[in-house]
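Add 2 to a position in the sequence shown, counting from 1, and you land on the number used in the numbering used here.
Encoded as structure tokens, the structure appears first; notes follow it.
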Amino acid sequence: MSGWNVIVIGGGHAGLEAAWAAAKFSRVALLIGNPATVGRMPCNPAVGGPGKSQLVFELQAMGGLMGRLADETAIHTRVLNASKGPAVQSLRVQNERDAYAERAQDVIFGHPNIDILRGEAADLESDGQGGWLVVTTDGRRLAARSVVVAAGTFMRGVTWYGRQSRAEGRQGEPPSRFLSAPLARAGHVLKRFKTGTPPRVRADAVNFSELLEIPADPNPRGFTGTPGLRAAESPTWQTHTTPETHRLIHENIHESPMYSGDIEGLGPRYCPSIEDKVVRFAHHDRHLLFVEPDGVQTSEVYLQGFSSSLPPHLQDALVRTLPGFERAVIQRYAYAVEYDVVDSLELTLNLESKRMPGVFTAGQINGTSGYEEAATQGLIAGTAAARRAGGEPEQFIGRETGYIGVLLDELVFKGSNEPYRMMTSRVEHRLLVRQDNADERMTPIGHALGLVDAAEVARVEAKYARVQAGIDALAAQRAQGQTGDAWLRRPEFSLPDVEALGVTLPELSAAEREAVEIRVKYAGYIRRAEIQLRAEDRSRDLSLGGVDFASIGALSNEAREKLVRLQPQTVEQASRISGVRHADISALLVHLKGRSVSRET
């Protein structure tokens with residue numbers, strides 16, 4: 003079959019979202035090596051977490067797929083940072099690993115606008131008329147107006163087990179051997195990145211009584227507003243490294259391909275291997291590890307935080323030094339994977355190649371890490387590819403809109419020399435762009451892009467009209483001489499406490515009540531943040547000439563290192579450096595103000 007407007011290469015989290023989004027416009031082809039691997043969770047069997055759940059909530063609000071799949075296959079949900087403010091609260095959903103892939107395949111394979119093609123892409127050729135041909139290794143020439151390359155870790159992928167390597171995109175799967183060539187031929191700068199995954203251990207060989215059990219939240223949440231039926235069915239657990247773990251690593255560090263120099267690729271700063279943790283943070287006598295089930299009927303557990311590229315025989319010994327794992331049997335060994343990525347500075351905000359118009363890239367091929375970052379890029383690239391193919395005007399999502407905007411802005415304008423991971427600290431407007439108001443912010447954008455229908459927009463508008471009515475009701479009623487909203491702003495008060503004083507609210511859902519409470523309780527903080535951001539915008543052109551960055555203690559270690567090395571001359575230049583965050587810019591402004599005051603005196 004032919005006549006596709008968009009061809010998507012790759013069936014991971016980026017490829018799924020790209021095909022799902024593009025199929026809302028016209029017929030799409032999804033080119034994959036093995037349909038059985040579509041939607042696979044090759045690393046941790048979970049979705050969400052700090053900075054990542056906000057992406058998934060925004061993705062859901064824009065008509066994406068990941069939140070739905072995560073909720074339908076959830077076995078454990080927990081709100082992280084629940085004791086802190088709503089700006090940093092994050093939902094984490096533990097999933098039944100195999101069910102997630104099966105559900106993804108049901109949705110994609112059964113979609114009337116998505117054709118599944120099995121094969122390996124060998125080349126990308128312009129058709130001379132603004133479109134593209136995807137040439138496969140078996141000689142087919144597949145024509146489309148736009149192409150989305152979502153190759154993950156597969157482009158010239160190599161897996162490492164100790165100092166032994168083999169050509170793989172991930173464990174047991176062949177790499178994409180040829181896609182790097184057409185990208186390089188067009189002028190793209192390709193870099194080598196590295197990531198890794200922990201071992202999977204047989205659950206029946208783990209002594210769970212020695213582990214710290216972490217129960218699911220009793221009232222589970224979901225990205226869609228409807229948590230899955232089994233969302234509180236399983237706990238997770240915690241263990242930790244021991245002095246014996248550290249000793250074994252130090253004595254055998256020469257067997258790591260990273261430390262022996264075999265691996266050229268740059269690894270993730272914020273998700274280091276266990277050998278990296280032990281060497282770089284030698285002052286810590288233990289590192290926490292999270293034990294995550296791969297399903298309700300658990301056959302394997304995943305050792306989150308124990309990623310490694312050490313050889314299998316050492317992994318056996320290392321895992322058995324962990325409390326509860328003394329008799330552990332590893333079913334799948336940890337490995338590192340090295341692969342090609344494009345320089346994201348060569349992309350537009352819609353992830354279109356500046357060198358190959360009509361070719362879009364999404365996911366780990368752009369130098370990111372994580373399912374959530376990949377899925378977000380897939381939605382953006384798939385939507386933009388379909389709109390371009392249909393002759394519709396470009397629309398861009400700006401940094402101010404939320405986490406998706408920040409992700410795109412940082413990839414395109416800052417780039418990254420290591421796998422990029424979204425974190426709440428990267429988002430300067432995080433008091434304004436919380437996960438609880440993602441639908442209010444992003445649903446209208448999804449509608450404007452053609453991803454969300456008018457009925458969904460109306461539903462969201464009605465929800466926030468009810469929220470505002472609740473806020474107005476609090477402000478209009480008094481109890482013991484104070485208005486209801488004044489009572490609610492007290493730290494020790496919640497909505498039920500205010501209602502106990504006789505203040506009444508209109509009928510609201512649990513999510514709407516939460517929205518009322520957040521907006522009233524944090525109104526002062528939000529106004530203050532808006533004032534601060536306006537002041538910072540006016541400070542972008544301030545000079546940093548002569549500033550001794552090494553002496554500014556409030557800077558993060560990463561920011562200090564990069565500022566000292568790159569020596570930006572203005573605040574604006576500093577803000578565009580990867581790894582320099584909003585808190586670091588604030589620290590620079592405080593330093594400049596202090597320096598100005600000292601000169602005046």
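Glycine residues also receive a C-beta, built at the ideal position from the N, C-alpha and C atoms.
Check whether residue i and residue j have beta carbons under 9 Å apart
i    : j    : result
Y405 : L57  : yes
G53  : G14  : no
T79  : Q96  : yes
A84  : L433 : no
T363 : V573 : no
S604 : A336 : Since the first residue shown for the chain is 3 and the last is 603, residue 604 is missing from the structure and cannot be characterised.
A450 : Q379 : no
A205 : E302 : yes
A123 : L18  : no
Q173 : T199 : yes
T161 : V339 : yes
P201 : P217 : no
L594 : L557 : no
E246 : P313 : no
F327 : V203 : yes
L33  : I110 : no
With 16 other Cβ atoms within 10 Å as the buried cut-off, status of residue i
i    : result
M3   : Interpretation of M3 is limited by its pLDDT of 46, a score under 50 that renders its predicted location unreliable; the figure taken from the coordinates is listed afterwards. Answer is exposed; the Cβ neighbour count stays below 16.
H286 : exposed
V435 : buried
D474 : exposed
D342 : buried
Y527 : exposed
D586 : buried
A16  : buried
A552 : exposed
F225 : buried
A169 : exposed
G263 : exposed
V592 : exposed
S418 : buried
F195 : buried
A467 : exposed
Residue of the options minimising C-alpha distance to residue i
i    : options                : result
C45  : I77, Q306, S167        : Q306
T350 : A336, A386, V343       : A386
A457 : T445, V573, P395, A76  : T445
F1   : M425, G452, T426, G400 : Nothing can be reported for residue 1, as the shown portion of the chain is limited to 3 through 603.
F495 : P508, E519, L507       : E519
P274 : D264, E266, M260       : M260
V361 : M43, D117, D125        : D125
E94  : A234, A330, H113, L32  : As written in the sequence, residue 94 is Arg, which differs from the Glu given in the question. The option with the nearest alpha carbon to R94 is A234.
L546 : V522, E538, I528, Q575 : Q575
V462 : W489, E514, E412, G486 : E514
G393 : L32, E266, R147        : R147
A76  : F59, L67, E563, A48    : A48
A607 : E257, R202, M68, T243  : Nothing in the structure corresponds to residue 607, since the chain is present only between 3 and 603.
L476 : L497, K465, Y466       : L497
E375 : D345, L413, S211, D129 : L413
P176 : R143, G35, V137, L316  : G35
A145 : G548, A391, W6         : W6
V500 : T485, A512, E509, A25  : T485
Opening and closing residue of the alpha helix (DSSP H) in which residue i lies
i    : result
D499 : 497 to 502
K523 : 512 to 523
N559 : 559 to 568
H256 : Looking at the DSSP string, H256 is not in any alpha helix (DSSP H), and its letter there is neither H nor E.
D543 : Careful: D543 lies outside any alpha helix (DSSP H) and carries neither H nor E.
L490 : 486 to 490
V573 : 573 to 577
L18  : 15 to 24
First and last residue of the uninterrupted beta strand (DSSP E) at residue i
i    : result
E127 : 123 to 128
V469 : V469 -> not in any beta strand (DSSP E); alpha helix (DSSP H) instead, spanning 456 to 478.
A31  : 30 to 34
G50  : 48 to 50
V10  : 6 to 11
D108 : Where D108 is concerned, there is no enclosing beta strand (DSSP E), although the alpha helix (DSSP H) it sits in stretches over 99 to 111.
E275 : One point to set straight first is that residue 275 is Ser, not Glu, in the sequence displayed. No beta strand (DSSP E) contains S275, which DSSP labels as neither H nor E.
R143 : 143 to 151
What residue ranges within the region 280 to 362 form continuous alpha helix (DSSP H) runs of no fewer than 4 residues, ordered along the chain? 314 to 321
Completely contained beta strand (DSSP E) runs for the region 155 to 215, where each covers 3 or more residues: Those beta strand (DSSP E) runs which fall completely within the region 155 to 215 and span 3+ residues are 160 to 163, 166 to 169, 192 to 199, 202 to 204.
Along the chain, which unbroken stretches of the beta strand (DSSP E) at least 3 residues long are found entirely within the region 369 to 443? Correct list: empty.
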